[in-house]
Structure formats: structure tokens, C-alpha cells
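A short write-up of the structure that comes next.
Protein chains: 2
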Amino acid sequence: MAIIVQKFGGTSVADAEKIRRAAKRVIKAVENGFGVVVVASARGKQTDQLIADALELNPNPPKREMDQLLSTGEQQTVSLFAMALDAMGYDAISFTGSQIRMMTDSAHTMARIKSIGAERIHKQLDKGRIVIVAGFQGIDKDENITTLGRGGSDTTAVALAAALGAEECEIYTDVDGIHTSDPRIFKNAVKMDEISYDEMLELASFGAGVMHPRAIEFGKKYDVKIHVRSSSNETDGTMIIHEVPQMEGVIVSGATVKKDMAKVGLVGVDNVPGNAAKVFAHLAKAKVIVSDIIQTEISDKKANLSFMIGISDLAAAKKAVEQIKDEINCEGIFVRDDIAEVSVVGIGMRTHYGVAEKMFTALAEAKVNIDSITTSEIRISCAVDEDQAEDALKVICAAFELDKPPEQRSTSD
Amino acid sequence: MAIIVQKFGGTSVADAEKIRRAAKRVIKAVENGFGVVVVASARGKQTDQLIADALELNPNPPKREMDQLLSTGEQQTVSLFAMALDAMGYDAISFTGSQIRMMTDSAHTMARIKSIGAERIHKQLDKGRIVIVAGFQGIDKDENITTLGRGGSDTTAVALAAALGAEECEIYTDVDGIHTSDPRIFKNAVKMDEISYDEMLELASFGAGVMHPRAIEFGKKYDVKIHVRSSSNETDGTMIIHEVPQMEGVIVSGATVKKDMAKVGLVGVDNVPGNAAKVFAHLAKAKVIVSDIIQTEISDKKANLSFMIGISDLAAAKKAVEQIKDEINCEGIFVRDDIAEVSVVGIGMRTHYGVAEKMFTALAEAKVNIDSITTSEIRISCAVDEDQAEDALKVICAAFELDKPPEQRSTSD
Chain Y
50 MAIIVQKFGG TSVADAEKIR RAAKRVIKAV ENGFGVVVVA SARGKQTDQL
100 IADALELNPN PPKREMDQLL STGEQQTVSL FAMALDAMGY DAISFTGSQI
150 RMMTDSAHTM ARIKSIGAER IHKQLDKGRI VIVAGFQGID KDENITTLGR
200 GGSDTTAVAL AAALGAEECE IYTDVDGIHT SDPRIFKNAV KMDEISYDEM
250 LELASFGAGV MHPRAIEFGK KYDVKIHVRS SSNETDGTMI IHEVPQMEGV
300 IVSGATVKKD MAKVGLVGVD NVPGNAAKVF AHLAKAKVIV SDIIQTEISD
350 KKANLSFMIG ISDLAAAKKA VEQIKDEINC EGIFVRDDIA EVSVVGIGMR
400 THYGVAEKMF TALAEAKVNI DSITTSEIRI SCAVDEDQAE DALKVICAAF
450 ELDKPPEQRS TSD
Chain R
50 MAIIVQKFGG TSVADAEKIR RAAKRVIKAV ENGFGVVVVA SARGKQTDQL
100 IADALELNPN PPKREMDQLL STGEQQTVSL FAMALDAMGY DAISFTGSQI
150 RMMTDSAHTM ARIKSIGAER IHKQLDKGRI VIVAGFQGID KDENITTLGR
200 GGSDTTAVAL AAALGAEECE IYTDVDGIHT SDPRIFKNAV KMDEISYDEM
250 LELASFGAGV MHPRAIEFGK KYDVKIHVRS SSNETDGTMI IHEVPQMEGV
300 IVSGATVKKD MAKVGLVGVD NVPGNAAKVF AHLAKAKVIV SDIIQTEISD
350 KKANLSFMIG ISDLAAAKKA VEQIKDEINC EGIFVRDDIA EVSVVGIGMR
400 THYGVAEKMF TALAEAKVNI DSITTSEIRI SCAVDEDQAE DALKVICAAF
450 ELDKPPEQRS TSD
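Residue numbers (my numbering), protein chains in the order written: chain Y, 50 to 462; chain R, 50 to 462.
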């Protein structure tokens, strides 16, 4: 029997009516002959409520206890989901992370999956049951409950699909699929039929919020077809798959904007081996996630070093660099908290020239000043003033014709 | 290190303020040198909310899924409780039933404890930690979550105290201890300093709601000292202990009233072996809990059979006896749904005469009609009209001087 994994996020199971709607989606796949494994998140605002309850008792709750607390949200959803299916005449059984031996390391609130006990699920599917698994949670070797952090339920779903050898992992969400850009900003963005894991990783890391990068990494590693689609209609969404030759024909797949960023610069740092390492070791210790590191020499002995962070990490980052400032002979620290990053992504740009030029020209014509530029093999990102960010995204989308499906775009670039 | 188990019910942990108050109670025991294991119930109305959520999706939810759902209530409390202790500077760790291997049978929603893994708790206590255990829940041999039914957290606490060899199991509640009668009805009821397990079992079974009979049975079987006391003051409550010789001097320990009862009578049943068995087998199959069975011969060949039930079981009971009526040649069925039961309990009455007479006289003087009478070795119960029940309890309490501590009562009975 072919297996399909269906993941429903918090908004898709927020109340009884939505759980019933999701259950009907499951039943449809069952009627089509699939063995169905459902992964569900906590209902709507349940997690927020539990976090508020915790903070009322302890401004800095122990992470183990936080995981013990938050994991109840998903446990509630899966039992309710199984009840809904039972009421519709279908045999269903719910499992916690513990019950399916979703083994993780002990990094509470951000644990990594180590192994999954697929046998118990196979056994239930073989009995003709629908299996409902609590997303986001696992246990460590001492049976402590762990959670996987942001995007955890996506990761659970993709990992389960890999462990079960599922045909496909369907991620149900409130949009039709992955779009060429954010439709809230660039109204004419079009849905992509397919996208490669690598492109999706770049898009997700640089502002496209539909899926968490970790789940995509997992899918790439274990070769899981991921289908991102709408929970409110039957339209096909976007398939995230391995790169196929024809993808190279699409030069730019999508464009993103990432807001709420800050930039920290260290001016005139002694340019000796080890200084950069010291800076980033300090930032890691302060749990600051850093992107877009740029270092440039300004003299024989001095260099400037800058990096981007989420604005919520700014206080911690400032503290960390202040502590290291003297040790690396840094002449000054500057901070920008009014910055955003626009990016274009596409595996086609590896073999095409002119993408950077087209992007910079579009920004220049719109009088958007570029603060700094970073690139990967399949991405170009520009830091810009936050209040110009949406305009910047719009002109980039227009320049790369992201309002059209790939085959209708001009190929002059 | 001497261990103490402290159990806090749902009202004692209903909100952050109450959890903090309970945590202070725990800390006090820690400061007194005890290793403390806390057993906590779901917060306030959480369980009711979860039941409502379930019924919205399924009027008859599968019991396994119901247990999976309801067990989250206690899991939330214990993690929050551990966070509260952490905020007060004390090292605490919370456990689910699964995590301490609280093994039960597979009777979902009314499981029985089979064994407890005490090692994990001992290990944590040895590290100087306070251990917080989710009450009411366990797992069966296939890791399915089970719940223990009504009074489940009391049972968890007493069972843990037994497994850990605890000095004492403290049951925190909203009353000062066990009273000679219900103070809401008989205002002058006095708190008992101690009571035997057997008396407490009868009192609990016949209307005293403070503790569930199962927990008391467990305490008796495993020799656990149970201390029922108030969560809002420091006064000693009531110790439930094994019978000691001086207890015999107290003829009647307490009096109870049990309302919302119904009586079902089967008139003119063929008095042949096996007929009573057939009736109660049918009732058991319908999950009706029966008490006070009375059978009396009315002729050589015919007998009347009656029993009491909770009013909520009346519809099921009526249906069950209707089904069996013809098979046992029953001439008629009568039902009373306006009945209550008043009882007096005391191990002293085993060796004293006159208790029954005093009770019946008191009821007669108050013009309370007695519908039927049943007795055990240490209890006499009278079924009375429900609207006379409170008056009946008052006159019985007065007759047995339950407004005074035992040593001040006259010994004329």
C-alpha cells in the first residue's frame, strides 16, 4: 500500500469545524487507496496561551519543562483528530512523539531527530487504520520530551515520510503553494508548479515563510517529495523536488524580502588570523544567529567586518561585540536597525550571466540604495533601507517577470 | 532521606497564584528535610474544557483517544509547577505517567495500576530535586496512555507513596480534614483527628466526597498513612490509618448523606437460583454501578428484589431490567427517583448495641419515613425521601453528638 503523509498546521486545526475539514481531506486520500499518516500541530493559539501561562510563573522557564508543557498542544490535536475521524466512520489512532519513538538529541526546544520507530505506524496502517502523529515533539534517550523548534511539525512530517517510504509529504497551508514572490507585496506573483530543494532552501532562509528550512533540508537529504498546497481547495500546489535538467532554463525562480533585520559593523578591526573567529564564537555563545558576513580589508593591518541578524537578537549581539571589542582592537561599532534584505533565487543563475546586473539596475532605477550585497551560487541578496524594501521587491519582481509562469518570460537575461 | 508525597487537586492549582501557593507548601516540606514528590491534577476546569472539545467532534469518543486527550491536563500542571519551583530557586523535574512507568491495565478511562517505576524518582530525589508527577494517568504495556478514572490523582498519590516507602501521603483539599458530617448541612460537624481506612471507605462510598474510595483501599492495602488537610492553612487535618484499639471507643465516627440516588425494585420475581445473577449480570453489562441490594421472599415461589443506583444510571438500569423482566417472570418494576441515603459509620458499632435503635428513633421523632435499610459491620444506611434527607442527617448527627469530639460525647449508647 502506498503511503502518504499529510501535515496540517495550527490554523488548519484551530477549531472543531477546521479539524472536520482536515479530516475530510484525509478520508479522500484513504478512499483513493493510500495509507494515510497525519501530522498535526497544536490548535491555533494554544501554544501562545501555554507560553503565556509559563511566563506568568517563570520569566525564564527551564527548557525541559517548556517542552513538557508545549508538547501537550499537539497531543490534544491528534486525539481530537482521531475522534473526528471515528465520528465519520473511519478507524484512527493517535500517537505522541514518545509513542512512535521519535528519538531526538537532548537539545530541548530545538532538538534534532535521530531516529523514528516506523514499525508501530506500519502495523497500524496494515490494520487499515489512519495514523495521527503529534508534530513538533520527540523524546531523548532518557524519555524526556523534546521539541523541534520552529517549523517542527513540518520537519516531523518530512522525517516520517522518509522513515515510512511515503510517496509524498503533503504540507497543507493557507496559501495555494510557493509563489514567485510574496503576493501580499507583489500582487501578481504566480504559483510555481515545482521548485528544487536548493532554491526552496534559499527562499525559505531569505524570507519566504511557507516552510521551515530544516524540513526542506530533511526532504533533500532523504529524497522526500514535498507537496505544499492549500487546505481550502483541491488545486495542486507546488512540488519541492530534486533538481531536474529543465529547471536550469528558469533563471530566477523567485524573489523574497526579509524584514526586521539589523546590521552590525565592526570598523577597523586588526586584520590578524583568529579575530573573526573570536567575534563569531562570542556571538554563538550569546545564541545570536548570524547571516551575510562580509569582511573587507581597509588597510594592510585593518579590516571592516559586518553581519546581519534578526532585530530581536540585536541587544544580545551588541553586548557580545562590546565584550570582544578591545581584544580585537576594533576602532568602532556601527549598527543599523532599519534594514531589510531583498533576494533573488534560481538555480538557472549558475549558468547565466546578467542576473546581478539586472537586479542592481532595477534597484537603481527605483532609487533604492544598496547597503551591501551578498551572494550564493543560486542567490543574490541586497541589504536595503527597510522603508524601501517593498518597493525594492516589486521592481525586482517586475524586472524578472515573476508575474508570469517561467515559459512565458522573455529570455533576454 | 524521609520521603513525603503531597497531592494537589485541580482547585489547588487552578491558576498561577494557586500554583505558587502550593509550591510554597512543597518548599516548606523540603526545608524540613523531606524528599518531596508532588502529585498534581489538571488545572481547575481544564478537564471539563477538553471533554467539551471532544464531544463537539464526537458524541461517543473512543476511550483510548479520550485518555490521550485528558492526560494533557495533568502534564500541563506538572510542568508549570516545576517552573514555579524553579522561579523560587528550587530544582524540580516533572514527569508524566509514562516517564515514571506508571504501568496500568488497558481499561481506558478506568485503568488500574499494576506497577510503578520508583527508581527514576528515587534517583531525582537523591540529586536533591523536587519531583512533580502527573496524577490520574499511566500507560499500558503497549505505551497507550490510560487514565485512572474518578479520584485518579488521589490514587496516584497513595500508590506512589506506597512504591516509594513514603512517610506520609498528604492530600491537600479545600476543607480542613474529614468531618463527622457534611458541614454544609450539619453546621456543627467537627473535624476528626484520625479515622480508620475501613470507616473512611464507608464514609467515602456513602457520600463523603473528600477522597475517592479506591485511593483509600490502596492506602489500606499498602499501609500508607494518608493525611487529608487544607491547602489554605497549616492546621493538621485528619490522618487515615489502620485501626488502633482506642478507636473502638468511638461508636459512631461520622454520618453521611448521599443524594441523587434512585431505587429500582423488581416485584414478584421467580425465586429460583440464578435469577438474581441474571439481573445483575445485565446491569453490569450496561455499566450500571449498583449498591444496597435487598432481596426478600414474598411467597414460596416469589421474591422482591431491589437495589439503589446513582440517578444518572437510571435510564440504563431501567432498560437493562426491562430486557430481563420476562425471563425471570417479574410481575412488575417500580422506580423511585426521589430518594437519598443517610448512613452512620463507626468501627465501634461492631461491639456496641443500640446504634440502629438510636438512629431509627431519631428519624422517627423527626417524622422521616424510612424506605429501606441496609447495613455492613460498621455502617447502617437508611433510604429516605430526598426532600427529607438533610433533616434526616441533622437529627442523626445530633443524636450521635457529632458536633463534639469523641471524648466529650455521652457514652449512654
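Ideal Cβ placement from N, Cα and C applies to all residues, glycine included.
These numbers were taken from a predicted model, which means no experiment stands behind them.
Contact check, residue i vs residue j, beta carbons under 8 Å
i	j	result
residue 205 of chain R	residue 235 of chain R	no
residue 303 of chain Y	residue 229 of chain Y	yes
residue 277 of chain Y	residue 222 of chain Y	yes
residue 71 of chain R	residue 57 of chain R	yes
residue 395 of chain Y	residue 289 of chain Y	no
residue 338 of chain R	residue 358 of chain R	yes
residue 85 of chain R	residue 179 of chain R	yes
residue 355 of chain R	residue 318 of chain R	no
residue 88 of chain R	residue 209 of chain R	yes
residue 452 of chain R	residue 306 of chain R	no
residue 159 of chain Y	residue 187 of chain Y	no
residue 122 of chain R	residue 96 of chain R	yes
residue 284 of chain Y	residue 243 of chain Y	no
residue 189 of chain R	residue 155 of chain R	yes
Residue i burial status per 10 Å Cβ neighbour count (16 or more: buried)
i	result
residue 456 of chain R	exposed
residue 108 of chain Y	exposed
residue 111 of chain R	buried
residue 402 of chain R	exposed
residue 291 of chain Y	exposed
residue 246 of chain R	buried
residue 52 of chain Y	buried
residue 461 of chain Y	Because the pLDDT of residue 461 of chain Y is 48, which lies under 50, any placement of that residue in the model is unreliable, and the number read from its coordinates should be weighed accordingly. Answer is exposed; the Cβ neighbour count stays below 16.
residue 200 of chain R	buried
Nearest residue (CA-CA) to residue i, options the options
i	options	result
residue 294 of chain Y	Y/310, Y/409, Y/397 and Y/190	Y/397
residue 211 of chain Y	Y/167, Y/330, Y/74 and Y/450	Y/167
residue 381 of chain R	R/387, R/371 and R/389	R/371
residue 393 of chain R	R/450, R/334 and R/187	R/450
residue 125 of chain Y	R/98, R/130 and R/140	R/98
residue 362 of chain Y	Y/377, Y/385, Y/349 and Y/379	Y/385
residue 113 of chain Y	R/231, R/273, R/141 and R/248	R/141
residue 139 of chain R	R/316, R/203, R/260 and R/77	R/77
residue 391 of chain R	R/414, R/400, R/366 and R/420	R/420
residue 308 of chain R	R/131, R/374, R/275 and R/439	R/439
residue 432 of chain R	R/79, R/165, R/445 and R/389	R/389
residue 448 of chain R	R/435, R/414 and R/428	R/414
residue 69 of chain Y	Y/136, Y/90, Y/101 and Y/284	Y/136
residue 269 of chain R	R/177, R/251 and R/81	R/251
residue 324 of chain Y	Y/353, Y/201 and Y/311	Y/353
residue 429 of chain R	R/437, R/405, R/435 and R/231	R/405
Continuous alpha helix (DSSP H) stretch holding residue i: start and end
i	result
residue 125 of chain Y	112-136
residue 490 of chain Y	Lying outside 50 to 462, the shown extent of chain Y, residue 490 of chain Y is not represented and no answer is given.
residue 193 of chain R	Counting along the chain, residue 193 of chain R falls outside any alpha helix (DSSP H), and DSSP gives it neither H nor E.
residue 368 of chain Y	363-373
residue 426 of chain Y	Unbroken run through residue 426 of chain Y: none, as it is neither H nor E.
residue 246 of chain Y	246-254
residue 347 of chain Y	Residue 347 of chain Y -> no alpha helix (DSSP H), and no H or E assigned at all.
Endpoints, beta strand (DSSP E) assigned at residue i
i	result
residue 404 of chain Y	Here residue 404 of chain Y belongs to no beta strand (DSSP E); instead the alpha helix (DSSP H) covers 404-414.
residue 456 of chain R	Per DSSP, residue 456 of chain R belongs to no beta strand (DSSP E) and is neither H nor E.
residue 324 of chain R	It is not in any beta strand (DSSP E) - residue 324 of chain R instead sits in the alpha helix (DSSP H) that spans 324-334.
residue 174 of chain R	Unbroken run through residue 174 of chain R is the alpha helix (DSSP H), 167-175; no beta strand (DSSP E).
residue 67 of chain R	Unbroken run through residue 67 of chain R is the alpha helix (DSSP H), 65-80; no beta strand (DSSP E).
> Residues in the segment 104-120 of chain Y with C-beta within 7 Å of chain R's C-beta atoms, listed in sequence order?
Replying inline: Hits within the stretch, in order: 105, 106, 107, 110, 111, 114, 117 and 118.
>> So if I threshold CB-CB distances at 7 Å, which residues from the segment 150-184 of chain R count as touching chain Y?
In response: Under the 7 Å Cβ criterion, the segment 150-184 of chain R contributes no residue.
> Relative to chain R, which residues along the segment 401-418 of chain Y have a C-beta separation below 8 Å, given in chain order?
Replying inline: Answer in chain order: no residues at all.
> Looking at chain Y, which residues of the segment 56-73 of chain R have a Cβ within less than 8 Å of any of its Cβ atoms?
Replying inline: Taking 8 Å as the Cβ-Cβ cut-off against chain Y, the residues of the segment 56-73 of chain R that qualify are 65, 68 and 69.
> When you check each C-beta in the segment 240-260 of chain Y against every C-beta of chain R, which residues fall closer than 7 Å?
Replying inline: Identification of residues in the segment 240-260 of chain Y having a C-beta nearer than 7 Å to some C-beta of chain R yields an empty set.
> Taking Cβ-Cβ distances below 9 Å as the criterion, which residues of the segment 196-218 of chain R are in contact with chain Y?
Replying inline: Listed by position along the chain: nothing, the set is empty.
> For the segment 332-356 of chain R, which residues have a CB atom closer than 8 Å to at least one CB atom of chain Y, in sequence order?
Replying inline: Against chain Y - using a Cβ distance shorter than 8 Å - the segment 332-356 of chain R contributes no residues.
> For the segment 87-99 of chain R, which residues have a CB atom closer than 8 Å to at least one CB atom of chain Y, in sequence order?
Replying inline: Interface annotation for the segment 87-99 of chain R against chain Y: 99, criterion Cβ-Cβ distance under 8 Å.
> Got a sec: which bits of the segment 134-148 of chain Y sit with their beta carbon under 7 Å from any beta carbon on chain R, in order along the chain?
Replying inline: Contact residues of the segment 134-148 of chain Y toward chain R are 135, 136, 143, 147 and 148 (C-beta to C-beta distance below 7 Å).
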